[in-house]
DNA sequence: TATTGTTATACTCTATAACTATA
DNA sequence: TATAGTTATAGAGTATAACAATA
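Protein chains in written order, with my numbering: chain L, 1 to 173; chain U, 174 to 346.
Next comes the structure, spelled out in structure tokens:
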């Protein structure tokens with residue numbers, strides 16, 4: 001078993017010039033030609049994070065025209081499908097912390113994408129409603145999101161796409 | 174179709190006291206009882222991110238005793254399995270940016286978990302090697318990571334676990 | 001007393017530009 | 001000229017404590 005690796009995969013021995021041959025055998029100093037990441041690839045957390053980042057990278061590019069970052073998109077999407085939802089409900093649904101939602105809501109309000117109306121039967125709460133502009137934007141943005149995440153644009157079959165969604169939800173729901 | 178929702182799921186109408194009945198029908202102000210997140214749940218990016226965060230949450234707790242955060246764990250794991258790997262190779266393998274790796278390496282070096290030796294045939298590069306302490310720590314930490322991410326501890330069958338890993342790698346590799 | 005929304009704040013993570021030493 | 005490693009720095013994301021108004 002070569003000293004340069006603790007794995008079973010064959011690893012090329014470091015390239016050594018003849019002039020260094022007498023020195024090179026003393027210290028355990030070797031070079032790596034191909035990085036072995038097989039251990040990390042056996043961990044679900046690592047793979048889920050890498051996959052999420054890969055998809056979000058595409059998402060960022062596609063959503064530039066709508067001026068929506070991922071969290072803004074998900075907040076507007078929930079408001080779009082749940083007019084009158086409160087900040088607290090949003091935080092619970094999207095696993096956000098209340099202080100971090102405040103600035104987001106203010107920014108989306110300032111852009112004219114949502115309005116804040118009194119809650120019908122809780123004076124502490126505020127209902128979040130999409131404006132017509134917000135509804136129009138989200139109709140386009142959600143269509144674009146669906147296109148990006150289509151099975152074939154990710155190299156998956158429709159069945160694999162469905163399976164992946166189900167298994168991921170089994171993990172976090 | 175109720176005005177309070179654009180989805181097909183039946184949504185409870187807001188609770189109204191009789192005294193408000195004459196006012197409540199004028200403005201389109203409604204309350205939401207159950208938040209509908211079905212659209213987001215059809216997006217792979219959203220689900221991958223939520224699943225990754227759920228697993229990483231468990232990871233953070235379990236790795237506290239080793240003093241390793243996720244990125245530190247993955248960096249040490251790659252060094253553990255690839256002694257002599259360079260910073261540049263680490264960045265490529267883990268999708269990190271070089272400036273963000275510098276502090277990590279310095280910190281792990283200061284903790285005595287790795288040593289930085291001259292690269293055998295590139296004077297610009299530095300080879301990263303685990304110390305005996307680093308090797309001992311990673312042997313324990315990797316075992317703990319495997320236990321956390323076992324199929325049954327995530328509510329999956331072994332077959333589902335394998336399928337999930339394969340499909341995630343199809344997306345980001 | 002508990003909850004909604006908010007402010008202030010700190011810490012981590014991520015990203016870009018620019019420098020040095022070597023190839 | 002190009003690459004490895006580094007510095008400085010800015011921005012986004014995430015976290016806790018504490019407060020006012022309302023339930």
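All C-beta atoms, glycine included, are put in the ideal place defined by N, C-alpha and C.
All values derive from a computational prediction rather than experimental measurement.
For residue i, does the three-state DSSP call read helix, strand or coil?
| i | result |
| --- | --- |
| residue 300 of chain U | strand |
| residue 102 of chain L | helix |
| residue 310 of chain U | helix |
| residue 120 of chain L | coil |
| residue 171 of chain L | helix |
| residue 202 of chain U | coil |
| residue 208 of chain U | coil |
| residue 336 of chain U | helix |
| residue 174 of chain U | Its pLDDT being 35, under 50, residue 174 of chain U is placed unreliably by the model, and nothing is read from it. |
| residue 226 of chain U | helix |
| residue 95 of chain L | coil |
Say whether chain L places a C-beta atom closer than 7 Å to the C-beta of residue i.
| i | result |
| --- | --- |
| residue 156 of chain U | No answer is possible for residue 156 of chain U: the residues shown for chain U start at 174 and end at 346. |
| residue 205 of chain U | yes |
| residue 220 of chain U | yes |
| residue 299 of chain U | no |
| residue 229 of chain U | yes |
| residue 234 of chain U | no |
| residue 273 of chain U | no |
| residue 257 of chain U | yes |
| residue 261 of chain U | no |
| residue 340 of chain U | yes |
| residue 333 of chain U | yes |
| residue 223 of chain U | yes |
Tell me which same chain residues have a C-beta within less than 7 Å of the C-beta of residue i, skipping the five on either side of it?
| i | result |
| --- | --- |
| residue 56 of chain L | 70 |
Cα separation between residue i and residue j?
| i | j | result |
| --- | --- | --- |
| residue 339 of chain U | residue 125 of chain L | 44 Å |
| residue 286 of chain U | residue 266 of chain U | 20 Å |
| residue 312 of chain U | residue 65 of chain L | 47 Å |
| residue 213 of chain U | residue 163 of chain L | 16 Å |
| residue 256 of chain U | residue 82 of chain L | 53 Å |
| residue 155 of chain L | residue 344 of chain U | 7 Å |
| residue 320 of chain U | residue 77 of chain L | 36 Å |
| residue 101 of chain L | residue 53 of chain L | 22 Å |
| residue 88 of chain L | residue 46 of chain L | 30 Å |
| residue 30 of chain L | residue 104 of chain L | 50 Å |
| residue 151 of chain L | residue 133 of chain L | 30 Å |
| residue 309 of chain U | residue 234 of chain U | 20 Å |
| residue 43 of chain L | residue 50 of chain L | 11 Å |
| residue 211 of chain U | residue 68 of chain L | 19 Å |
| residue 74 of chain L | residue 322 of chain U | 28 Å |
| residue 106 of chain L | residue 72 of chain L | 11 Å |
| residue 86 of chain L | residue 110 of chain L | 18 Å |
| residue 34 of chain L | residue 318 of chain U | 24 Å |
At a threshold of 6 Å, does residue i count as lining the ligand MG (C-beta to nearest heavy atom)?
| i | result |
| --- | --- |
| residue 268 of chain U | This structure lacks the ligand MG; in fact it carries no ligand of any kind. |
Under the DSSP definition of a beta bridge, which residues are partnered with residue i?
| i | result |
| --- | --- |
| residue 244 of chain U | In DSSP, residue 244 of chain U forms no bridge with anything. |
| residue 114 of chain L | L/130 |
| residue 251 of chain U | According to DSSP, which records beta bridges pairwise, residue 251 of chain U is partnered with nothing at all. |
| residue 85 of chain L | L/128 |
So, for residue i: in the same chain, excluding its five sequence neighbours on each side, which residues have a beta-carbon less than 8 Å away from its beta-carbon?
| i | result |
| --- | --- |
| residue 118 of chain L | 126, 127 |
Leaving out the 5 sequence neighbours to the left and right, which residues in its chain are closer than 6 Å to residue i when beta-carbon positions are compared?
| i | result |
| --- | --- |
| residue 342 of chain U | none |
| residue 271 of chain U | 264 |
| residue 158 of chain L | 151 |
Output yes if chain U places a C-beta closer than 7 Å to the C-beta of residue i; else output no.
| i | result |
| --- | --- |
| residue 74 of chain L | yes |
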